[in-house]
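Protein chains in written order, with my numbering: chain A, 899 to 1239; chain B, 11 to 192.
Each residue gets a CB set at the ideal place from its N, CA and C atoms; glycine is no exception.
Notes for the one structure printed next.
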């Protein structure tokens, strides 16, 4: 851009400097490309080594842009609209440089990446995923959250925030989505949410209190690494009941079912696998909107496949058992449910 | 305007008139998959979104492709893991895809290469946003709960990772891929 402005203004010296700097930067990137060619992997150490060289060589980009801006102001030969256009383009290019430079400095070894850091100059909404390890290339992309039914894995809510907030921040928007879907039902007796399960990332006290305030059990969210008991004792049922604002609003059976519906990683993995085969975990559309559309399309297709399996009764024994718990299916008369026969 | 009238340019060919449902068995996976969707409220939601966010279509010229077809193509694209080109190509030849798109009868011309161009699908996608997509999920969830197929009583929440899939095309990557394929 500086080169273009210098060309328009007839500033030979500025043009030479811009071209020289551009050549040097291209040289650094060429070295980086040669080292990476054919390896299929880009090592973080190599990225950081190149990043330092780029920052050293590129420190003159800022002053050069400023010089071009001053020359543009002082010039009297160009028409006003043309000057405005060049000024706008230069400012845009300088902003890009600033965001790249800022992000590049944040990728320095040993410094923790905070939330929602811009890492890609071409798509500012793509953020680093905090699950990335320090000894391997940083993972980039999105971190959607889902809320699914425990029996068959029908996804009732999808939340895709900007940046990477904590997992606990996903819960309430997801619950709101399900509640909205329930409110839209035409039936007189509307179902209600009894419990929510999640992994250790959802164990925050503040979130638990919020869920308890809405009358939701959180016995399916573990507080320690110990597994959640599938059959609760009488004391556990009483303790769970005390957490709710209206203790009598839920039956003992529902509390037992809530314990049985504790968080299960294999179950969640099966949902993610279902989305993965529908291109829900490999983003190709651009930006945050594109990511949301792609993930949501995969979710809708996954849900349709789940409904088809339900209608065909092609469900796992686990799913069938849970559907009996939820009273979506009549009890199995051939099975000794109560231990009485 | 009905779906047939909207798709008139490829449903009015000189070939024999074929009923799509006759060619797709009732237990065909795509037929069963498509029958689970509450199409009418979903299409109405998109049409309402288009009407409020974009200017009205001109009265002159050929009518646009039906929203029902475009929405179904977008969903089929995910279900069958196809690209825009692949799914639009399958719409021309695959009766199950035609059924899923809600087309009841077809009278195609042999020389017609495409029923829906991939560019039209991309333009349709470009007009969708987060609100309308979230509304579609809400419609699907409400319909499933009303039918008594799912229950919101006990839920599980979790996050997962969607990696960035776009790859910058350079001479080096193209050459590398060509070498790898050969």
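Min CB distance residue i to chain B below 8 angstroms
i, result
"residue 1015 of chain A", "With a pLDDT of 48 at residue 1015 of chain A, under the threshold of 50, the predicted position of this residue should be treated as unreliable, though the coordinate-derived value follows. Judged by the 8 angstroms Cβ criterion, residue 1015 of chain A is not in contact with chain B."
"residue 1093 of chain A", "yes"
"residue 1060 of chain A", "no"
"residue 1180 of chain A", "yes"
"residue 1157 of chain A", "no"
"residue 1139 of chain A", "no"
"residue 1050 of chain A", "yes"
"residue 1046 of chain A", "yes"
"residue 923 of chain A", "no"
"residue 1190 of chain A", "yes"
"residue 1070 of chain A", "no"
"residue 1079 of chain A", "yes"
"residue 857 of chain A", "There is simply no residue 857 of chain A to check, as chain A begins at 899 and stops at 1239 in what is shown."
"residue 1228 of chain A", "no"
"residue 1086 of chain A", "no"
"residue 945 of chain A", "no"
"residue 1063 of chain A", "no"
"residue 1175 of chain A", "yes"
CB contact below 8 angstroms: residue i versus chain A
i, result
"residue 120 of chain B", "no"
"residue 29 of chain B", "no"
"residue 155 of chain B", "yes"
"residue 60 of chain B", "no"
"residue 134 of chain B", "no"
"residue 53 of chain B", "no"
"residue 25 of chain B", "no"
"residue 48 of chain B", "no"
"residue 64 of chain B", "no"
"residue 77 of chain B", "no"
"residue 158 of chain B", "yes"
"residue 82 of chain B", "no"
"residue 42 of chain B", "yes"
"residue 38 of chain B", "no"
"residue 161 of chain B", "yes"
Bridge partners - residue i, DSSP secondary structure assignment
i, result
"residue 168 of chain B", "A:1044"
"residue 30 of chain B", "None, per the DSSP bridge assignment."
Supposed close pair residue i, residue j - CB separation, criterion 8 angstroms
i, j, result
"residue 1126 of chain A", "residue 1101 of chain A", "With a Cβ gap of about 12 angstroms, residue 1126 of chain A and residue 1101 of chain A do not count as contacting."
"residue 1142 of chain A", "residue 1110 of chain A", "6 angstroms"
"residue 88 of chain B", "residue 1050 of chain A", "In fact, because the Cβ distance is near 19 angstroms, the residues do not count as touching under 8 angstroms."
"residue 1166 of chain A", "residue 168 of chain B", "5 angstroms"
"residue 1075 of chain A", "residue 144 of chain B", "7 angstroms"
"residue 1056 of chain A", "residue 1197 of chain A", "5 angstroms"
Backbone secondary structure at residue i - three-state DSSP
i, result
"residue 74 of chain B", "coil"
"residue 136 of chain B", "helix"
"residue 1124 of chain A", "coil"
"residue 1053 of chain A", "strand"
"residue 1082 of chain A", "coil"
"residue 173 of chain B", "strand"
"residue 1039 of chain A", "strand"
"residue 40 of chain B", "helix"
"residue 115 of chain B", "strand"
"residue 124 of chain B", "coil"
"residue 159 of chain B", "coil"
"residue 912 of chain A", "helix"
"residue 90 of chain B", "coil"
"residue 188 of chain B", "helix"
"residue 1181 of chain A", "strand"
"residue 950 of chain A", "helix"
"residue 1020 of chain A", "Low per-residue confidence applies at residue 1020 of chain A: pLDDT is 46, beneath 50, and the placement is therefore not dependable enough to give any value."
"residue 104 of chain B", "coil"
"residue 922 of chain A", "helix"
"residue 25 of chain B", "coil"
"residue 141 of chain B", "helix"
"residue 1059 of chain A", "coil"
"residue 1088 of chain A", "coil"
Host beta strand (DSSP E) of residue i (start-end)
i, result
"residue 1094 of chain A", "1093-1095"
"residue 1118 of chain A", "1115-1118"
Host alpha helix (DSSP H) of residue i (start-end)
i, result
"residue 1227 of chain A", "Here residue 1227 of chain A belongs to no alpha helix (DSSP H), and DSSP marks it neither H nor E."
"residue 1167 of chain A", "1163-1174"
"residue 49 of chain B", "49-63"
"residue 1194 of chain A", "1185-1210"
"residue 1104 of chain A", "1103-1111"
"residue 959 of chain A", "959-972"
"residue 900 of chain A", "900-907"
"residue 1151 of chain A", "1150-1158"
"residue 1068 of chain A", "Per DSSP, residue 1068 of chain A belongs to no alpha helix (DSSP H) and is neither H nor E."
"residue 1136 of chain A", "1132-1140"
"residue 1099 of chain A", "Counting along the chain, residue 1099 of chain A falls outside any alpha helix (DSSP H), and DSSP gives it neither H nor E."
"residue 1217 of chain A", "1215-1223"
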